[in-house]
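As they're listed, the protein sequences go chains A and B.
Just so you know, we're using the working numbering here: the first sequence kicks off at 1 and counts up by one.
Just so you know, we're using the working numbering here: the second sequence kicks off at 313 and counts up by one.
Notes to accompany the following structure.
2 protein chains.
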Amino acid sequence: MKIDELGEFGLIDRLAERVESKEGLIKGIGDDCAVLEDGDMYTLMTTDMLVSGDHFNRDWHTPKQIGNKSIVVNISDIAAMGGYPEWGLISIAIPDDVDVEYIDEIYSGMLEVSKEYGLTIIGGDTTHGDILVINVVVVGKVEKENLCLRGDAKVGDVVCVTGDLGKSWAGLDLLRAGKEGYTEYHLEPKCRLKEGRKLAPHVNAMIDVSDGLASEVNHICRESGVGALIHKEKVPISEKTKEAARILDKDPMFWALSGGEDFELVFTIPKDRLSHIKDIDHIVVGEITEDGVYLVDGGKTELKGGYDHFRI
Amino acid sequence: MKIDELGEFGLIDRLAERVESKEGLIKGIGDDCAVLEDGDMYTLMTTDMLVSGDHFNRDWHTPKQIGNKSIVVNISDIAAMGGYPEWGLISIAIPDDVDVEYIDEIYSGMLEVSKEYGLTIIGGDTTHGDILVINVVVVGKVEKENLCLRGDAKVGDVVCVTGDLGKSWAGLDLLRAGKEGYTEYHLEPKCRLKEGRKLAPHVNAMIDVSDGLASEVNHICRESGVGALIHKEKVPISEKTKEAARILDKDPMFWALSGGEDFELVFTIPKDRLSHIKDIDHIVVGEITEDGVYLVDGGKTELKGGYDHFRI
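As structure tokens, then:
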């Protein structure tokens, strides 16, 4: 069977079904991080692989930006669990046309953003490969009461995001088309670690936007056994992203729902707890229902889509 | 500067110099695993990236063997610290020409060997890439008193290995030449987890053979601030490896000293403790001295070499 028939998440499910659990494992494959017992805390572990041509482009990204992104995407997963990062491991495969100064710059990007988020690099693997590949592992911690899983959304919760969506894909499509515009966020994404820490005591489910709002809401609903209504007019898209869409004659809502890599947090929270998070940037975009995941825009249509590495 | 001028280990040193430490970190970059405080134990973390064409060959290795190797190389690092594996994370980048059944077989190899060594897979990342790349992270534990670092060799220790050397490279060179012979070990390497656990309470320094005996002995000496004499006639090379060398008209000693991927353990131990390890397979190949690392063969020559991913 071709991989694109099964898709990225079908492939992950297929592995998850074959893996046995063990004492001490709270959550294995299927959330932003694995969760392990660790005294009165939980240990969080996450990993992301960035491959040249797929996750960055050496013609667009500076080496520093490549290093930066490789760390941010992982810390975003820690943030989505309500935790904080502690330790990082970096594997890098280096092709023949890359020199030492280029690698120094990748490390500069990694170290700069690691410092910003409190991460310490403790090891890794340095090797050769025909293309540039970076794998980062981040180990973090979270207080037991602050752990936020995808599967804890409750009927009646509202669905919120921490910021505007579609901004990363706007930049990517501009770069692909060779046009000027709002490319900064795509090249230097941020993550919402500080916000995740503040939100964690109050929210039910949480996930980061890796693959677009449609994908993330569906993950939450599937894991929680609930449905959701997302109100199209409430999905936040910035003026800069809309301008990029005008330049390219594209629909910015598609970027927001299916683009991904915005690294905002999507979370669900009981309405009566919204008062607790009023100092944290957030936009209410929908609510959790009994079943079905719909985009509401006058009528309602099934909310499908989201980025899949094997279905592009 | 070209990467091959600096070499793999020069590049690692260059990163290590820029990284700051933090409370709880016992050993960062520069050993087989990173070591972290964990109550009355230490946590061990290691990672290895395997890139198609560099670390395996899809024409020679079955997908199951690729999966198998990706786990073994990491568990070998845990064994070299005296510890045992607990948790694993797998990142995989899949090119277009690979199908679902091929990935299933890779996972079969991973799961089979994970079960053998007591490892549980708890997460990872599944993505697309132009070539097949697998990154594995293994987290393990070791009792504090059993931790074996590269840097603990003492003058007067003897230097031992747990088994014969050069066997992986013998197979690789046969496969490269398209000849029949002893390729099994290269295609399905083992690691010495059980032996590492038994040796740990008795030995001083320990390391696994990733890059050849020459490289590993030099790592131990550099980290311990000592020297070593390695007696050429004592370096164990099996008849099967010697036969491969005859077929290819090559020197099997080169494979033993500089080939690597044998995943035997190299350790140093005070002579008077040898009686404690008499039930564990080992061969004494040399001794630790004040300074200089030499190969003794009638006269003595500086022991250099070892595999470097950027200097082949």
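Positions of the beta carbon are idealized from the N, C-alpha and C atoms, including for glycine.
### Query
Using Cβ-Cβ distances below 7 Å, what residues of the region 422-447 of chain B are close to chain A?
L423, T432, I433, I434, G435, G436, D437, T438, T439, H440, G441, D442, I443, V445, N447
### Task
Return yes when the Cβ of G400(B) is within less than 8 Å of the Cβ of V450(B), no when it is not.
Start at 1 with the first residue of the second sequence, and residue 450(B) comes out as number 138. Start at 1 with the first residue of the second sequence, and residue 400(B) comes out as number 88. Against a cut-off of 8 Å, the Cβ pair of G400(B) and V450(B) comes out as a contact.
### Query
What does F310(A) reach in chain B if we use C-beta pairs closer than 8 Å?
Numbered from its first residue, the first sequence carries residue 310(A) at position 310. Ordered by position in chain B, the residues that pass the 8 Å Cβ test against F310(A) are I406, H440.
### Query
Hey, does A320(B) have any beta-carbon neighbour from chain A nearer than 8 Å?
As a working note, residue 320(B) is residue 8 in the second sequence. At residue 320(B) the sequence reads Glu, which differs from the Ala that was named. Closer than 8 Å: yes.
### Query
Quick one: is the Cβ of E500(B) within less than 7 Å of any heavy atom of the ligand SAM?
Absence of the ligand SAM is noted for the structure shown, with no ligands found whatsoever.
### Query
How many whole angstroms separate the CB atoms of T241(A) and Y182(A), which I take to be in contact at a CB cut-off of 8 Å?
Position 241 of the first sequence, counting from 1, holds the residue named residue 241(A). Position 182 of the first sequence, counting from 1, holds the residue named residue 182(A). Yes, they are in contact, since the Cβ atoms of T241(A) and Y182(A) sit about 6 Å apart, within 8 Å.
### Run of the beta strand (DSSP E) containing N204(A), from where it starts to where it stops
The residue labelled residue 204(A) in the question sits at position 204 within the first sequence. Where N204(A) is concerned, there is no enclosing beta strand (DSSP E), given that its DSSP letter is neither H nor E.
### Message
Between which two residues does the alpha helix (DSSP H) holding V98(A) run?
### Response
Counted from its first residue, the first sequence places residue 98(A) at position 98. That residue, V98(A), is in no alpha helix (DSSP H); it is neither H nor E in DSSP.
### Query
By the criterion of Cβ-Cβ separation under 7 Å, what are the contact partners of G53(A) in chain B?
Here residue 53(A) refers to the residue found at position 53 when the first sequence is read from its first residue. Within chain B, the residues near G53(A) are D442.
### Buried or exposed (CB count within 10 angstroms, at least 16 for buried), A489(B)
By one-based count along the second sequence, residue 489(B) stands at place 177. A489(B) is exposed by the Cβ-count criterion.
### Residues near I406(B) by beta carbon distance below 8 Å, same chain, minus five either side
Walking along the second sequence from the start, residue 406(B) turns up at place 94. If we look at I406(B) and ignore the five residues flanking it on each side, its Cβ neighbours are I415, T438, T439, H440, G441, L444.
### Task
Let me know the alpha helix (DSSP H) ranges lying completely inside the region 445-525 of chain B, each 4 residues or longer, listed in chain order.
479-489, 496-499, 505-511
### Query
Looking only at C-alpha atoms, which of I29(A), G156(A), I106(A), S210(A) sits nearest to A16(A)?
Position 16 of the first sequence, counting from 1, holds the residue named residue 16(A). The shortest Cα separation from A16(A) among I29(A), G156(A), I106(A), S210(A) belongs to I29(A).
### Query
Near A153(A), what residues of its chain come up, given a Cβ to Cβ distance below 6 Å and the 5 sequence neighbours on each side ignored?
Walking along the first sequence from the start, residue 153(A) turns up at place 153. Around A153(A): N204, A205, I220, S224, V226, T268, I288.
### Task
Taking all protein chains shown into account, decide if M1(A) is buried (16 or more other Cβ within 10 angstroms of its Cβ) or exposed.
Position 1 of the first sequence, counted from the first residue, corresponds to residue 1(A). Counting Cβ neighbours within 10 Å, M1(A) comes out exposed, since fewer than 16 surround it.
#### Entry: Spatial neighbours of H373(B) in its chain, beta-carbon cut-off 8 Å, leaving aside the 5 residues before and after
As a working note, residue 373(B) is residue 61 in the second sequence. Hits under 8 Å: K381, L499.
### Message
Assuming E86(A) and K22(A) are in contact, meaning their beta carbons sit under 8 Å apart, how far apart are those beta carbons, in whole angstroms?
### Response
Here the question's residue 86(A) lines up with position 86 in the first sequence. Here the question's residue 22(A) lines up with position 22 in the first sequence. About 22 Å separates the two Cβ atoms, so there is no contact after all.
### Query
Is I29(A) helix, strand or coil by DSSP?
Against the first sequence, residue 29(A) aligns to sequence position 29. Coil at I29(A), not helix or strand.
### Query
Are V136(A) and T47(A) touching if we call contact CB-CB under 8 Å?
Residue 136(A) sits at position 136 when you count from the first residue of the first sequence. Residue 47(A) sits at position 47 when you count from the first residue of the first sequence. Their beta carbons are under 8 Å apart, which means V136(A) touches T47(A) by this criterion.
### Query
Thinking just about the alpha-carbon of each residue, which of P582(B), E349(B), E576(B), V412(B) is nearest to the one in G10(A)?
Counting from 1 along the first sequence, the entry for residue 10(A) is found at position 10. Checked all of P582(B), E349(B), E576(B), V412(B); the closest Cα to G10(A) is V412(B).
### Query
chain A partners of G340(B), CB-CB under 7 Å?
The residue you call residue 340(B) lines up with position 28 of the second sequence. Neighbours of G340(B) on chain A, chain order: I122, G123.
### Cβ distance (whole Å) where L486(B) is taken to contact I592(B) below 8 Å
Reading the second sequence from its first residue, position 174 is the one you call residue 486(B). Reading the second sequence from its first residue, position 280 is the one you call residue 592(B). Actually they are not in contact, since the Cβ atoms of L486(B) and I592(B) sit about 30 Å apart, beyond 8 Å.
### Task
Please check if any C-beta of chain B sits within less than 8 Å of the C-beta of I103(A).
For the purposes of this step, residue 103(A) is taken as residue 103 along the first sequence, with counting starting at 1. Yes, I103(A) counts as interfacial toward chain B.
### Amino acids of chain B, ordered along the chain, whose beta-carbon sits closer than 8 Å to that of S91(A)
The residue you call residue 91(A) lines up with position 91 of the first sequence. Simply T359, D360, M361, N447.
### Query
Under 8 Å Cβ-Cβ, which residues of chain A neighbour D411(B)?
Indexing the second sequence from 1 puts residue 411(B) at position 99. Those are M1, K2, I3, listed as they occur along chain A.
### Task
Work out the CA separation of V347(B) and M393(B) for me, nearest whole Å.
By one-based count along the second sequence, residue 393(B) stands at place 81. By one-based count along the second sequence, residue 347(B) stands at place 35. Approximately 9 Å between the Cα atoms of the pair.
### Query
When we look at the beta-carbon of S275(A) and count the other beta-carbons within 10 Å, is it buried (16 or more) or exposed?
Locating residue 275(A) in the first sequence gives position 275, counting from the first residue. Counting Cβ neighbours within 10 Å, S275(A) comes out exposed, since fewer than 16 surround it.
### Message
I'd like to know whether the C-beta atoms of K167(A) and S238(A) end up nearer to each other than 8 Å.
### Response
Reading the first sequence from its first residue, position 167 is the one you call residue 167(A). Reading the first sequence from its first residue, position 238 is the one you call residue 238(A). Cβ atoms of K167(A) and S238(A): closer than 8 Å.
### Message
Going by beta-carbon coordinates alone, are L477(B) and L541(B) separated by less than 8 Å?
### Response
As a working note, residue 477(B) is residue 165 in the second sequence. As a working note, residue 541(B) is residue 229 in the second sequence. No.
### Task
Could you confirm whether any beta carbon from chain B is found closer than 8 Å to the beta carbon of L15(A)?
Counting from one through the first sequence, the residue named residue 15(A) turns up at place 15. Yes, its Cβ sits closer than 8 Å to a Cβ of chain B.
### Query
What are the residues that DSSP puts in a beta bridge with D437(B)?
As a working mapping, residue 437(B) is identified with position 125 in the second sequence. In DSSP, D437(B) forms a bridge with S403(B).
### Query
Roughly how many angstroms separate the alpha carbons of G379(B) and E573(B), rounded to a whole number?
In the second sequence, counting from the first residue as 1, residue 379(B) sits at position 67. In the second sequence, counting from the first residue as 1, residue 573(B) sits at position 261. Rounded to the nearest angstrom, the two C-alpha atoms are 15 Å apart.
### Task
Anything in chain A within Cβ reach of L577(B), meaning under 8 Å, just list it in chain order.
To locate residue 577(B), count along the second sequence from 1; it is residue 265. Correct list: empty, because the minimum Cβ distance to chain A is about 19 Å.
### Query
From Y107(A) to K64(A), what distance separates their C-alpha atoms?
In the first sequence, counting from the first residue as 1, residue 107(A) sits at position 107. In the first sequence, counting from the first residue as 1, residue 64(A) sits at position 64. Distance between the alpha carbons of Y107(A) and K64(A) is about 7 Å.
### Query
What does A34(A) touch in chain B if you count any residue whose Cβ is under 8 Å from its own?
Here residue 34(A) is taken as the residue at index 34 of the first sequence, counted from 1. The contacting residues are W399, L401, I434, G435.
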